[in-house]
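Below is one structure, written out as structure tokens, with a few remarks after it.
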Amino acid sequence: MRKWNWKLPVGMALAGLFVIIAIFGPYIAPYDVNMQMDIKYVKTENGEEMMAPPFPPSKEHIFGTDKWGYDILTLVLHGAKYTVFTVIFVAVLRVTVGCLFGMLMALNKSAIKSAKRKVKINIFSGFPIFIFIYFILIKINIDPVLKPLTLTVLLGSLMVILGLAGVYDTVNSKTNEIKNNLFVTASQSIGGTKAHIAMKHIFPALKSHLLIIFVNEIIQVLHLVGQLGIFDLFLGGTLVRIGPPTIYLSLTKEWAGLIGQARSFLYHSQWILIFPMLCFLVFLFAFYLISQGLNQQQKTMHRKIPYL
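Here the sequence shown is numbered in the working numbering, starting from 1349 and rising by one per residue.
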């Protein structure tokens, strides 16, 4: 009996839910993003007691508030678009550009012969990409002059450029494998051009692999955004409040930024850290499910039609 591939539909449903939240988040947020809760009085057995932010989760604030009185659910909903759409667009560009160059170089015989005579060295393979990005943008991203959207585009562009090598290598290797198949050599023998072979034979055979690559790139970009957030380099800019202690704040309220700025609440008022982290991890988990589901689907198809 065939095992049901539940991971793919569940992962896609979760990912779709996050995309919807990213689109409509600011409109369904319970409070204005700039609204702060002040000191309030709560009735207790001993009478009224004064309470100051941060307030724990309650009916009024489902995720609670941060230390300045901002509603955390509102911050999460407003920051969703930066987290969700940035990682998706970066992954799309990585796969698109990397795929084009990988196919082009694999179909260019002279380039392949030249490449075989050289030792392939990926300068980024042994060094974390976030280190490059951190030192390039640290002066620009902290207390920025540029607008949040401009900074997000700049950071996204760097993530695309520095992440192309992995996609290129994968597509190039797979294209070299596919072009040795009989149906490709037959097309070449009757005069098929490289463009014809690429569009009619190589790309259709690559499609299922490209979808897996795309999902894996989203996962990698999410890891990268999370790493940058831990080092206080947030999507859209980082605002610094000189202490004591010195505080780093996300200008866009993106999730890695909310996690990074809440690190000090690991031992008290944990909801300030837990809820943004939970959103980030569930979003990441959705694409892990999709990736595993696609791999399972591909293995099942290969067992049925092993020559594909």
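Idealized CB from N, CA, C, for every residue including glycine. Computed from a prediction, not measured in an experiment: that's the story for all the values here.
Annotated three-state conformation of valine 1588 is strand, per DSSP. Distance check between serine 1505 and each of Val1435, Asn1524, Ile1538 and His1549 places Val1435 closest, using alpha-carbon atoms only. With contacts defined by Cβ atoms closer than 8 Å, lysine 1527 and isoleucine 1550 form a contacting pair.
In this structure, DSSP gives glutamine 1618 a state outside helix and strand, which the three-state scheme calls coil. Excluding the 5 residues flanking it on each side, tyrosine 1379 has same chain C-beta neighbours closer than 7 Å at Asp1419 and Thr1422, in chain order. Assigned with DSSP and collapsed to three states, isoleucine 1490 falls in strand. The C-beta separation of histidine 1426 from alanine 1363 comes to about 20 Å, leaving the pair out of contact by the 8 Å criterion. Cβ neighbours of isoleucine 1566 within its own chain (closer than 7 Å, five residues either side excluded): Val1435, Ile1436, Ala1439 and Phe1635. Residue range 1420 to 1455 is occupied by the alpha helix (DSSP H) that includes leucine 1425.
Taking 8 Å as the cut-off, the Cβ atoms of leucine 1581 and asparagine 1489 count as close. Under the three-state reduction of DSSP output, tyrosine 1636 falls in the helix class. Per DSSP, the unbroken alpha helix (DSSP H) holding isoleucine 1371 starts and ends at 1355 to 1376.
In the three-state reduction of the DSSP assignment, serine 1598 falls in the strand class. The Cβ atoms of aspartate 1491 and valine 1381 lie no closer than 8 Å to each other. Annotation: glycine 1574 to histidine 1616 spans about 22 Å, alpha carbon to alpha carbon. DSSP places lysine 1351 outside both helix and strand once states are collapsed to three, so it counts as coil. The residue among Phe1628, Ile1620 and Ile1545 with its C-alpha nearest the C-alpha of glycine 1417 is Ile1620. Methionine 1507: member of the alpha helix (DSSP H) spanning 1496 to 1510, first to last residue. Cβ-Cβ distances below 8 Å link leucine 1494 to Ile1488, Leu1502 and Gly1585 in the same chain, with the five nearest sequence neighbours on each side left out; the list follows chain order.
One thing to note: leucine 1606 has its Cβ within 8 Å of the Cβ of valine 1424. Under DSSP, threonine 1413 shares a beta bridge with Asp1419.
For asparagine 1520 and glycine 1450, the gap between their C-alpha atoms comes out near 4 Å.
Assignment of beta-bridge partners to glutamine 1384 by DSSP yields Tyr1418. A residue is called buried once 16 or more other Cβ atoms fall within 10 Å of its Cβ, and glutamine 1384, having fewer, is exposed. With respect to isoleucine 1638, valine 1563 sits close: the two C-beta atoms are nearer than 8 Å.
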